[in-house]
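Using my numbering, you'd call the opening residue of the sequence shown number 7 and step up by one each time. Below is one structure, written out as structure tokens; comments come after it.
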Amino acid sequence: MIVYNDTKKQFVDDVRCNVIADKILTLVRERGINAGQDAEFASWQNSMNFMRNIVDDREIDDEVRIAIEYNIPLTSKRVDFIISGADQNDRDNVVIVELKQWQKAEKVDDSMHYSVRTYVGNSNRIVCHPSYQAYSYARFISNYSEDVAAGSIGVTPCAYLHNFSPEFKSVLSDSIYREWYDAAPFFIKNEFKEFSDFVKKFISRKSSRGDLLYDIEHGRLRPTKSLQDSLVSMVKGNKEFTLLDEQAVCMDMCMKTLDQCRKDGRKRTIVIQGGPGTGKSVLAINILMEAISKRMNASYVTKNSAPREAFLSLLTKGNAKKVADIKSLFRSTFGLSSCDRNLYDCLIVDEAHRLVKKMYGDWAGENQVKECINAALLSIFLLDENQAITTKDIGSMAEVSYWCGELGSRMISTPETKLVSQFRCNGSDAYIQFIDNMLQRSEESVDVHMSELNFDFCIFDDPCAFRDALRAKNAIDNKSRMVAGYCYDWNVKNHRGEYDIVIDGFAAKWNLAEDKIWAINANSFEQVGCIHTAQGLEFDYVGVIIGKDLRFDPLTHRVITDKTAISKDDKSSGIRSASDDVAHKLILNTYKTLLTRGQKGCYVYCEDSNLREYLKSFIMHP
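Here it is, written out as structure tokens:
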């Protein structure tokens with residue numbers, strides 16, 4: 007979707023008459039796009055004046071096309087500014103311009119090769135280097151447009167920081183970013199001529215094909231051969247994504263169903279159920295790979311970003327170019343409400359129990375289960391109803407069934423779509439039952455004792471000893487992390503203190519909001535993850551801090567929950583305002599989810615001493 011699309015001549019006139027920002031705003035609202043707030047409106051007014059000065063050049067034909075706020079297909083991302091036409095040799099080109107209002111920036115650290123820190127959105131934030139951002143947008147377009155992939159249309163990315171002080175240019179031109187600014191040059195406030203000359207190298211006359219962006223936008227969207235090859239090589243070369251037994255059977259069933267959908271054009275929905283550690287996410291990635299290898303338009307979808315970012319990092323091994331290549335295949339549920347019916351051949355929705363009725367900021371959003379089913383010929387939901395952790399979570403068999411009926415999609419749920427074998431917790435199915443027994447999640451318990459399990463489960467009396475033991479495990483291969491119930495205020499983020507979690511000499515911070523790969527970042531062990539960043543992930547060893555929302559009453563011999571102990575900074579779970587019964591269930595779901603993140607072991611510290619002694623009883627006495 008292109009918000010503004012006109013000739014260079016008309017664009018120049020619109021800017022000169024001071025109507026360009028109003029035109030963009032009107033078009034944005036007509037298209038139902040969540041944009042046009044005061045800051046963005048001001049940026050349009052400001053930046054478009056600078057771009058007018060660039061394109062208002064007699065060496066650039068009046069009929070060259072200008073596009074503003076181009077919504078990249080299959081994503082919610084928008085390209086700020088695009089110039090399309092032909093060069094002096096009549097080669098068709100599209101120049102992508104990422105516009106920034108920044109005045110300065112700073113490097114984060116030497117390990118972060120495509121991130122910088124700058125003041126944006128009323129605070130200092132870690133964001134993409136503008137060259138990388140432009141480069142990644144160009145890669146996405148190239149990966150889905152056969153005209154671009156075939157070389158008949160050239161796509162050239164760049165960035166223009168028209169307010170950026172030359173004093174800070176050395177930050178953006180640091181050698182750690184060379185790969186990005188070599189591929190997508192950036193220009194600052196004193197480099198008008200350089201930027202102008204750069205644009206004119208690629209654009210000087212109108213294209214003989216007319217509007218090139220129309221061809222890109224309206225051509226059949228499907229992954230190119232290069233994108234297919236990239237993903238297949240990453241998955242097949244990664245032992246962490248090997249399918250076993252029932253996973254492989256389920257995979258076969260999903261692909262057979264997808265072929266049927268493509269042949270007869272009928273909508274279908276598959277629900278894959280499985281508890282923690284049954285390999286749902288591994289299966290999801292393999293389905294994605296197989297669909298892409300067949301040149302189908304598919305995407306891996308989650309509501310929360312943590313699983314997407316972790317899998318991207320695992321697949322690409324931190325290679326930012328590879329990330330740019332395949333990131334388009336991993337998307338949020340945000341923006342699906344604006345998708346046409348059956349835009350995708352296949353959507354693989356992981357952690358589907360976390361879907362909600364309305365996502366904040368998505369103006370047109372209604373129900374994410376509905377939107378996933380509507381957007382795909384085949385929708386595949388991977389869910390575990392016992393991992394719902396907020397009052398807003400609606401992903402369930404009943405919800406999927408209802409919307410399948412409403413949208414004319416045949417729902418498929420068979421024994422072959424139920425995953426039961428445990429691939430976490432050292433392969434122990436019994437460990438899951440062990441956790442259910444400890445948490446008293448059911449009136450009926452199965453006789454399972456820790457001594458019978460080949461799994462390293464320890465209860466610690468001292469939080470510092472707990473951290474030291476887990477730190478030693480992490481030193482082996484950086485695959486151990488601390489997590490906690492959301493009972494601690496986010497002091498650091500809200501500038502209320504140096505630490506968030508302080509217990510008897512133990513002090514730690516919640517994981518940094520801007521660190522999207524906290525789970526695997528080599529420098530993030532000392533940070534503590536919450537349920538919102540840990541769900542859907544796994545570690546060799548997980549260390550769980552159980553806060554005051556979970557206690558043990560020795561008189562009644564019952565595990566009890568306390569919703570008032572949940573931090574007031576927890577704005578998303580709704581537990582504090584939920585009924586006691588609902589809150590009880592969600593708190594238990596939260597801790598079951600946290601306690602089942604480990605593949606080899608789980609270390610636990612409880613704030614409540616009675617709970618500690620109760621949990622020890624499961625280890626000490628058969």
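In this text, a Cβ means the ideal position worked out from N, Cα and C, and glycines have one as well.
Review point. Of the choices N484, R416, N128, P163, whose alpha-carbon is the least far from that of G2?
Key: This structure cannot speak to residue 2, because the chain is shown only from 7 to 628.
Review point. Under three-state DSSP, which class holds G411?
Key: Position 405 of the sequence shown, counted from the start, is the residue given in the question as residue 411. Helix at G411.
**Study point:** F558 beta carbon near the ligand COA (any heavy atom closer than 7 Å)
**Key:** In the structure on display, the ligand COA does not appear, and there are no ligands present to speak of.
**Study point:** Expected contact under 8 Å - CB spacing of N24 and Q107 to nearest Å
**Key:** The residue labelled residue 24 in the question sits at position 18 within the sequence shown. The residue labelled residue 107 in the question sits at position 101 within the sequence shown. About 18 Å; that fails the 8 Å criterion.
Check your understanding: Any chance the region 368 to 388 sits against the region 399 to 417, with 3 or more Cβ pairs inside 8 Å?
Key -> yes
Point to revise | Residue interval of the alpha helix (DSSP H) (run including N595) | key: What you label residue 595 is simply residue 589 of the sequence shown in a count that begins at 1. N595 -> alpha helix (DSSP H) spans 586 to 601.
Review point. Closest by CA to T308, which one among S299, D568, R337, L318?
Key: The count along the sequence shown starts at 1 and reaches residue 308 at position 302. It is R337.
Practice item. Verify whether the separation of the beta carbon atoms of Y143 and K83 is less than 8 Å. Key: Position 137 of the sequence shown holds residue 143. Position 77 of the sequence shown holds residue 83. Yes, these two residues count as a Cβ contact at 8 Å.
Check your understanding: Does DSSP classify N392 as helix, strand or coil?
Key -> On the sequence shown, residue 392 is found 386 positions in, with the first residue counted as 1. N392: helix per DSSP, three-state reduction.
Check your understanding: Roughly how many whole angstroms lie between the Cα atoms of R603 and I354?
Key -> Within the sequence shown, the letter at position 597 stands for residue 603. Within the sequence shown, the letter at position 348 stands for residue 354. Taking the straight line from one Cα to the other gives about 22 Å.
Review point. Run through DSSP, which three-state label would D568 get?
Key: Mapped onto the sequence shown, residue 568 falls at position 562. Coil, per DSSP.
Review point. DSSP beta-bridge partners for P163?
Key: Mapped onto the sequence shown, residue 163 falls at position 157. Per DSSP, I102.
Practice item. Compute the beta-carbon to beta-carbon distance between I66 and K14, rounded to the nearest angstrom, for a pair I have assumed lies under 8 Å. Key: Against the sequence shown, residue 66 aligns to sequence position 60. Against the sequence shown, residue 14 aligns to sequence position 8. About 6 Å; that satisfies the 8 Å criterion.
Exercise for review: With DSSP collapsed to three states, give me the class of M403.
Suggested key: For the purposes of this step, residue 403 is taken as the residue at position 397 of the sequence shown. The answer is helix: DSSP assigns M403 an H, G or I state.
Point to revise | Close beta carbons around A189, own chain, < 6 Å, minus the five adjacent residues each side | key: Taking the sequence shown and counting its residues from 1, one reaches residue 189 at position 183. Excluding positions up to five away in sequence, the list reads Y141.
Check your understanding: Which ranges does the beta strand (DSSP E) cover as unbroken runs of at least 3 residues, wholly within the region 456 to 508, from first to last along the chain?
Key -> Listed in chain order, the complete beta strand (DSSP E) runs (minimum 3 residues) inside the region 456 to 508 are 462 to 466, 486 to 490.
Point to revise | From N99, E296, E36, residue whose alpha carbon lies closest to that of S158 | key: For the purposes of this step, residue 158 is identified with residue 152 of the sequence shown, where counting begins at 1. Check the Cα spacing between S158 and each of N99, E296, E36: the tightest is with N99.
Point to revise | Cβ-based neighbour list, S236, same chain, cut-off 8 Å, excluding 5 preceding and 5 following | key: Along the sequence shown, read from residue 1 onward, the residue named residue 236 stands at position 230. Cβ within range, chain order: K328, D331, I332.
Check your understanding: So is Y10 buried or exposed if we call it buried at 16+ other beta carbons inside 10 Å?
Key -> Indexing the sequence shown from 1 puts residue 10 at position 4. That one is buried.
Point to revise | Residue environment, S579, which counts as buried when at least 16 other CB atoms sit within 10 Å | key: Along the sequence shown, read from residue 1 onward, the residue named residue 579 stands at position 573. With 16 or more other Cβ atoms inside 10 Å of its own Cβ, S579 counts as buried.
Review point. Once you ignore the five residues that flank R71 on each side, which residues in its own chain have a CB closer than 6 Å to its CB?
Key: Position 65 of the sequence shown holds residue 71. Result list for R71: S90, D217, in chain order.
Practice item. Look up V36 in the DSSP assignment and say whether it is helix, strand or coil. Key: Taking the sequence shown and counting its residues from 1, the one referred to as residue 36 is at position 30. According to the sequence as given, residue 36 is Glu; it is not Val. E36 falls in the helix class under three-state DSSP.
Review point. Between the Cα of T562 and the Cα atoms of S583, A471, N130, L617, which residue gives the shortest distance?
Key: Counted from its first residue, the sequence shown places residue 562 at position 556. Out of S583, A471, N130, L617, L617 has the C-alpha closest to the C-alpha of T562.
Exercise for review: Tell me whether N1 sits in a helix, a strand or coil according to DSSP, three-state version.
Suggested key: The shown model of the chain, from 7 to 628, leaves out residue 1, and the question about it has no answer.
Exercise for review: Please classify M302: does DSSP put it in a helix, a strand, or coil?
Suggested key: Position 296 of the sequence shown, counted from the first residue, corresponds to residue 302. If DSSP states are grouped into helix, strand and coil, M302 belongs with coil.
Point to revise | Three-state class that DSSP yields for C256 in the structure shown | key: Locating residue 256 in the sequence shown gives position 250, counting from the first residue. It is helical.
Practice item. Counting only the same chain and skipping the five closest in sequence on each side, list residues whose C-beta sits under 6 Å from that of S287. Key: Working through the sequence shown from its first residue, we reach residue 287 at position 281. These residues qualify, in order along the chain: D356.
**Study point:** Neighbourhood of H135 by C-beta distance below 6 Å, restricted to the same chain and skipping five residues each side
**Key:** Stepping through the sequence shown from its first residue, residue 135 is reached at position 129. Here the set comprises Y120, V122, Y183, W186.
**Study point:** Within 8 Å, strictly: CB atoms of C256 and L383
**Key:** As a working note, residue 256 is residue 250 in the sequence shown. As a working note, residue 383 is residue 377 in the sequence shown. Their beta carbons are not under 8 Å apart, which means C256 does not touch L383 by this criterion.
**Study point:** CB-CB length for C631 against G553, believed under 8 Å
**Key:** As displayed, the chain neither begins before 7 nor continues past 628, which places residue 631 out of reach and without an answer.
Exercise for review: Measure the Cβ-Cβ separation of I441 and K598 and say whether it is below 8 Å.
Suggested key: Counting from 1 along the sequence shown, the entry for residue 441 is found at position 435. Counting from 1 along the sequence shown, the entry for residue 598 is found at position 592. Yes, Cβ-Cβ distance for I441 and K598 is below 8 Å.
Review point. If you draw a straight line from the C-alpha of N17 to the C-alpha of D586, how long is it?
Key: In the sequence shown, the residue the question calls residue 17 occupies position 11. In the sequence shown, the residue the question calls residue 586 occupies position 580. It should be noted that the sequence gives Phe, not Asn, for residue 17. Looking at the two C-alpha atoms, the distance is approximately 59 Å.
Check your understanding: By Cβ distance below 6 Å, which residues in the same chain neighbour V508 in space, the five residues on each side in sequence not counted?
Key -> Translated into positions along the sequence shown, residue 508 becomes position 502. Result list for V508: empty, nothing under 6 Å.
Review point. What is the residue span of the alpha helix (DSSP H) that A48 lies within?
Key: On the sequence shown, position 42 is the one that residue 48 refers to. Note, A48: alpha helix (DSSP H), 44 to 61.
**Study point:** Same chain only: Cβ atoms within 7 Å of L621, ignoring 5 sequence neighbours per side
**Key:** Counting from one through the sequence shown, the residue named residue 621 turns up at place 615. Same-chain partners within the cutoff: M444, I465, V610, C612.
Point to revise | Pair within 8 Å by beta-carbon distance, L600 and V550 | key: Position 594 of the sequence shown holds residue 600. Position 544 of the sequence shown holds residue 550. Yes, the Cβ-Cβ distance between L600 and V550 is below 8 Å.
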